[in-house]
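Engineer: What follows is a single structure, and I will ask about it in a moment.
There are 2 protein chains.
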Amino acid sequence: MYAHSVQSARTITPLAEIKDAGQEIDRLRLVGLTRGFARGREIFGEGEHADHVYSVISGAVRSFRVLSDGRRQVLDFYLPGDIFGIEPGPDHGVGAEAVNDVILLVARRSLAADDGDGAMTRRLLRLAVDDLRRSRDHVLTLGCRTACERVASFLNDLAVRLGNRRSLDLPMSRQDIADYLGLTIETVSRTFSLFQTAGLIRLHGRRSVELCRPGALTDLCI
Amino acid sequence: MYAHSVQSARTITPLAEIKDAGQEIDRLRLVGLTRGFARGREIFGEGEHADHVYSVISGAVRSFRVLSDGRRQVLDFYLPGDIFGIEPGPDHGVGAEAVNDVILLVARRSLAADDGDGAMTRRLLRLAVDDLRRSRDHVLTLGCRTACERVASFLNDLAVRLGNRRSLDLPMSRQDIADYLGLTIETVSRTFSLFQTAGLIRLHGRRSVELCRPGALTDLCI
DNA sequence: CGGGCGATTGAATTACATCAAATTTCGTGG
DNA sequence: CCACGAAATTTGATGTAATTCAATCGCCCG
Numbered sequence: 001m002y003a004h005s006v007q008s009a010r011t012i013t014p015l016a017e018i019k020d021a022g023q024e025i026d027r028l029r030l031v032g033l034t035r036g037f038a039r040g041r042e043i044f045g046e047g048e049h050a051d052h053v054y055s056v057i058s059g060a061v062r063s064f065r066v067l068s069d070g071r072r073q074v075l076d077f078y079l080p081g082d083i084f085g086i087e088p089g090p091d092h093g094v095g096a097e098a099v100n101d102v103i104l105l106v107a108r109r110s111l112a113a114d115d116g117d118g119a120m121t122r123r124l125l126r127l128a129v130d131d132l133r134r135s136r137d138h139v140l141t142l143g144c145r146t147a148c149e150r151v152a153s154f155l156n157d158l159a160v161r162l163g164n165r166r167s168l169d170l171p172m173s174r175q176d177i178a179d180y181l182g183l184t185i186e187t188v189s190r191t192f193s194l195f196q197t198a199g200l201i202r203l204h205g206r207r208s209v210e211l212c213r214p215g216a217l218t219d220l221c222i
Numbered sequence: 223m224y225a226h227s228v229q230s231a232r233t234i235t236p237l238a239e240i241k242d243a244g245q246e247i248d249r250l251r252l253v254g255l256t257r258g259f260a261r262g263r264e265i266f267g268e269g270e271h272a273d274h275v276y277s278v279i280s281g282a283v284r285s286f287r288v289l290s291d292g293r294r295q296v297l298d299f300y301l302p303g304d305i306f307g308i309e310p311g312p313d314h315g316v317g318a319e320a321v322n323d324v325i326l327l328v329a330r331r332s333l334a335a336d337d338g339d340g341a342m343t344r345r346l347l348r349l350a351v352d353d354l355r356r357s358r359d360h361v362l363t364l365g366c367r368t369a370c371e372r373v374a375s376f377l378n379d380l381a382v383r384l385g386n387r388r389s390l391d392l393p394m395s396r397q398d399i400a401d402y403l404g405l406t407i408e409t410v411s412r413t414f415s416l417f418q419t420a421g422l423i424r425l426h427g428r429r430s431v432e433l434c435r436p437g438a439l440t441d442l443c444i
């Protein structure tokens with residue numbers, strides 16, 4: 001079904017070789033293994049024991065929860081440099097899957113847990129609290145905003161996180177975006193088309209979005 | 223407009239006198255002032271400097287964010303025993319107001335910040351991570367669930383938090399509930415009426431809800 | 001170059017919002 | 001204790017944004 005070539009590639013990776021993984025990693029001492037996951041592969045499941053912490057080196061990851069009848073809510077996307085997998089209790093409260101082929105830096109949670117002086121706990125606190133801020137933004141979007149505003153703020157956020165380029169390469173499918181924004185795939189698609197008609201964006205293929213008037217998009221976010 | 227009698231009541235309160243404030247308080251060393259806020263009063267504003275941490279002794283508090291055009295999202299309700307006001311950065315990312323007349327235990331953030339051995343940081347981490355779990359639940363509700371499911375899970379949550387009584391006393395107005403659930407006041411009201419017609423609840427006045435078939439409500443949450 | 005999956009587009013439907021009363025609640029003052 | 005009146009809530013009628021159902025299109029990979 002999926003290409004499995006990346007799966008199970010394990011190597012000890014000197015930290016210096018990893019450029020994209022962001023500043024926080026070395027402070028979290030996420031030295032250890034890099035591991036690849038092919039598109040669609042589960043990284044960890046909801047309810048699974050949480051004994052690793054991950055940092056995205058390349059590719060993208062989605063975290064999500066599902067209701068018993070199959071409805072899925074994507075909670076967050078993690079991009080190169082982002083850290084994820086930190087959990088309150090012993091178990092993961094969310095699932096995580098590879099959006100496309102990804103390479104992750106993996107560290108045992110226990111290794112990152114304590115270094116005696118509490119500095120590690122403070123870093124974990126900062127990460128948790130960042131997640132909390134992002135989650136609150138998400139609640140605001142889902143509770144208050146229209147479909148147009150949701151899609152605009154999604155593109156805006158992604159542009160910022162990917163470095164404010166004029167051209168975005170969306171790692172995720174329309175279905176992923178829809179499940180993140182609490183919309184249907186059709187509504188997301190229609191909104192993209194609407195934005196294109198209005199001259200705000202240009203779509204090139206499935207994955208590439210050119211932001212023609214980033215300011216106008218930002219204005220739409222209210 | 224509002225009764226102001228509770229406002230500005232300040233006293234040094236020995237910890238032993240406070241029964242309702244939950245287990246975590248003494249560990250957070252939130253010894254200090256109790257302070258009353260009348261219904262509707264601001265406790266802190268979005269963007270304000272965050273130099274206190276609060277624990278609810280009696281009454282209820284709502285945290286919220288507002289969009290520039292006035293749309294409001296209630297992010298959380300804090301009930302007796304809950305702690306709130308802990309923030310990532312130096313400033314509050316949300317506002318907080320008294321839902322009804324409340325009495326809070328207030329501590330300087332700096333006093334709770336460090337006790338040398340990192341134990342305090344670990345407690346803050348746990349609190350942040352609890353907030354994160356609740357926020358994720360909220361995202362799931364707003365992104366996936368119908369109006370009926372939202373109201374049912376709201377009542378369910380509140381019942382659990384207030385101690386699984388058969389009769390709930392809602393501290394908040396229909397507008398607060400609507401803004402929490404991403405619905406309108408009319409939809410919340412209609413859904414309450416629907417539940418009453420279906421024999422799931424009975425409404426007594428504005429604030430009292432009797433849960434006739436708690437199991438059926440739980441089932442509705444999916 | 002062809003097949004298949006993801007994306008787009010169109011038409012019909014619906015859940016919820018909006019607009020507009022009617023009704024109830026509850027604090028206040030007589 | 002009861003009546004009044006403002007505010008909150010409920011109910012009704014209508015509108016609409018987003019969903020659902022149903023084709024069709026067009027990337028992209030073999």
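The listed protein sequences derive, respectively, from chains H and U.
Reminder that position 86 of the first sequence reads as 86 in the working numbering, one-by-one numbering, no gaps.
For any residue, its number in the working numbering is found by taking its place in the second sequence, counting from 1, and adding 222.
Even for Gly, the Cβ is constructed at its ideal location relative to N, Cα and C.
Please name the residue, chosen from H:Gly182, H:Leu194, H:Gly215 and H:Gly81, that lies closest to Ser145 of chain H on a Cα-to-Cα basis.
Structural biologist: Note that residue 145 of chain H corresponds to Arg in the displayed sequence, not to Ser. Of the listed residues, the one whose Cα sits closest to Arg145 of chain H is H:Gly182.
Engineer: With which residues is Ser280 of chain U paired in a DSSP beta bridge?
Structural biologist: DSSP lists U:Ile325 as partners of Ser280 of chain U.
Engineer: Does the beta-carbon of Gln175 of chain H have 16 or more other beta-carbons within 10 angstroms, so that it is buried, or is it exposed?
Structural biologist: Under this definition Gln175 of chain H is an exposed residue.
Engineer: Distance check for Glu264 of chain U and Gly22 of chain H, CA to CA, integer angstroms please.
Structural biologist: At Gly22 of chain H, the pLDDT of 46 sits below 50, so the modelled position is not reliable and the matter cannot be decided from this model.
Engineer: Give a yes or no on whether the C-beta atoms belonging to Thr440 of chain U and Ala369 of chain U are separated by under 8 angstroms.
Structural biologist: No.
Engineer: Using alpha carbons as the reference points, say which of U:Ser285, U:Ser389 and U:Ala341 lies closest to Glu432 of chain U.
Structural biologist: Nearest option by C-alpha distance: U:Ser389.
Engineer: Let me check understanding here. Comparing Cα to Cα, which of U:Ala329, U:Tyr300 and U:Val288 lies closest to Val254 of chain U?
Structural biologist: One detail in the question is off: residue 254 of chain U reads as Gly in this sequence, not Val. Nearest C-alpha to Gly254 of chain U: U:Ala329.
Engineer: Which whole-angstrom value is the C-beta distance of Val324 of chain U and Ala272 of chain U, which I expect to be below 8 angstroms?
Structural biologist: Wrong, their Cβ atoms sit about 19 angstroms apart, outside the cutoff.
Engineer: Report the three-state DSSP secondary structure of Ile305 of chain U (helix, strand or coil).
Structural biologist: Strand, per DSSP.
Engineer: Under a three-way DSSP split, which group does Thr34 of chain H fall into?
Structural biologist: Residue state, collapsed to three classes: strand.
Engineer: Identify whether Ser375 of chain U lies in helix, strand or coil by the three-state DSSP scheme.
Structural biologist: The answer is helix: DSSP assigns Ser375 of chain U an H, G or I state.
Engineer: In terms of DSSP beta bridges, what is Arg287 of chain U paired with?
Structural biologist: Answer is U:Gln295, bridged to Arg287 of chain U.
Engineer: Restricting to Cα atoms, I'd like to know which of H:Glu149, H:Ala198, H:Ile201 and H:Asp169 is closest to Val99 of chain H.
Structural biologist: Checking every option, the nearest Cα to that of Val99 of chain H belongs to H:Asp169.
Engineer: Tell me which residues share the same chain as Arg213 of chain H and place their Cβ nearer than 6 angstroms to its Cβ, disregarding the 5 neighbours each side in the sequence.
Structural biologist: Excluding residues within five positions, the ones whose Cβ falls inside 6 angstroms are Leu200.
Engineer: Based on DSSP bridge pairs, tell me the residues matched to Thr160 of chain H.
Structural biologist: For the record, residue 160 of chain H in the displayed sequence is Val; it is not Thr. Looking at the DSSP assignment, Val160 of chain H forms no beta bridge with any residue, so it has no partner.
Engineer: Which chain U residues are close to Ile222 of chain H, counting only those with a beta carbon under 9 angstroms from its beta carbon?
Structural biologist: By Cβ distance, chain U contributes Leu289, Ser290, Asp291 and Arg293.
Engineer: Can you tell me whether Gly208 of chain U is buried or exposed? The criterion is at least 16 other CB atoms within 10 Å of its CB, across all chains shown.
Structural biologist: This structure cannot settle anything about residue 208 of chain U, because the visible part of chain U is limited to 223 through 444.
Engineer: Exposed or buried, Pro312 of chain U, counting other C-beta atoms within 10 Å across all chains shown (16 or more means buried)?
Structural biologist: Pro312 of chain U should be labelled exposed.
Engineer: Is Arg126 of chain H helix, strand or coil when you go by DSSP?
Structural biologist: Three-state result, Arg126 of chain H: helix.
Engineer: Nearest to Ala438 of chain U by CA position, among U:Arg345, U:Asn378 and U:Gly258, is which residue?
Structural biologist: For Ala438 of chain U, the nearest C-alpha among the options comes from U:Asn378.
Engineer: Taking the straight line between their C-alpha atoms, what separation do you get for Leu194 of chain H and Phe306 of chain U?
Structural biologist: Leu194 of chain H and Phe306 of chain U: Cα-Cα distance of roughly 41 angstroms.
Engineer: Quick one: using the 10 Å Cβ neighbour count with 16 as the cut-off for buried, is Thr34 of chain H buried or exposed?
Structural biologist: Classification of Thr34 of chain H: buried, given that the 10 Å Cβ count is 16 or more.
Engineer: Using a Cβ-Cβ cutoff of less than 7 angstroms, which residues in the same chain neighbour Ile86 of chain H once the five nearest sequence positions on both sides are dropped?
Structural biologist: Excluding sequence neighbours, Ile86 of chain H sits near Val53, Leu124, Leu127 and Ala128.
Engineer: Tell me, please, whether the stretch 283–290 of chain U touches the stretch 350–361 of chain U by the rule of three or more beta-carbon pairs shorter than 8 angstroms.
Structural biologist: These segments do not touch.
Engineer: Kindly list, in the order they appear in chain H, the residues whose Cβ is closer than 7 angstroms to that of Thr368 of chain U.
Structural biologist: Correct list: empty, because the minimum Cβ distance to chain H is about 10 angstroms.
Engineer: From Gln295 of chain U to Val160 of chain H, what distance separates their C-alpha atoms?
Structural biologist: Cα to Cα, Gln295 of chain U sits roughly 24 angstroms from Val160 of chain H.
Engineer: Please classify Gly365 of chain U as buried or exposed, where buried requires at least 16 other C-beta atoms within 10 Å of its C-beta.
Structural biologist: Gly365 of chain U should be labelled buried.
Engineer: Which same chain residues end up closer than 7 angstroms to Thr371 of chain U when comparing Cβ atoms and leaving out the 5 residues on each side of it in sequence?
Structural biologist: It is Glu, not Thr, that sits at residue 371 of chain U in the sequence shown. These residues qualify, in order along the chain: Leu442, Cys443 and Ile444.
Engineer: Are Val94 of chain H and Val361 of chain U closer than 8 angstroms when you measure CB to CB?
Structural biologist: No, the Cβ-Cβ distance between Val94 of chain H and Val361 of chain U is not below 8 angstroms.
Engineer: Grab me the residues of Arg39 of chain H's own chain with a C-beta within less than 6 angstroms of its C-beta, minus the 5 sequence neighbours each way, in chain order.
Structural biologist: The answer, listed in chain order, is Tyr2, Ala98, Asn100 and Asp101.
Engineer: Do Ala96 of chain H and Phe44 of chain H have their beta-carbon atoms positioned less than 8 angstroms apart in this structure?
Structural biologist: Result yes, Cβ atoms of Phe44 of chain H and Ala96 of chain H sit closer than 8 angstroms.
Engineer: Rounding to the nearest angstrom, what Cα-Cα distance links Thr121 of chain H and Thr409 of chain U in this structure?
Structural biologist: Distance between the alpha carbons of Thr121 of chain H and Thr409 of chain U: 44 angstroms.
Engineer: Would you say Ser189 of chain H lies against chain U (beta-carbon separation less than 8 angstroms)?
Structural biologist: No, its Cβ sits nowhere closer than 8 angstroms to a Cβ of chain U.
Engineer: Between which two residues does the alpha helix (DSSP H) holding Gly437 of chain U run?
Structural biologist: Its alpha helix (DSSP H) spans residues Pro436 to Leu442.
Engineer: When you compare only the Cα positions, how much space is there between Arg133 of chain H and Thr419 of chain U?
Structural biologist: Answer to the nearest angstrom: the Cα atoms are 39 angstroms apart.
Engineer: With a CB to CB cut of under 6 angstroms and the five nearest residues on each side skipped, what residues in its chain are close to Ala400 of chain U?
Structural biologist: So the qualifying residues of the chain are Thr406, Ile407 and Val410.
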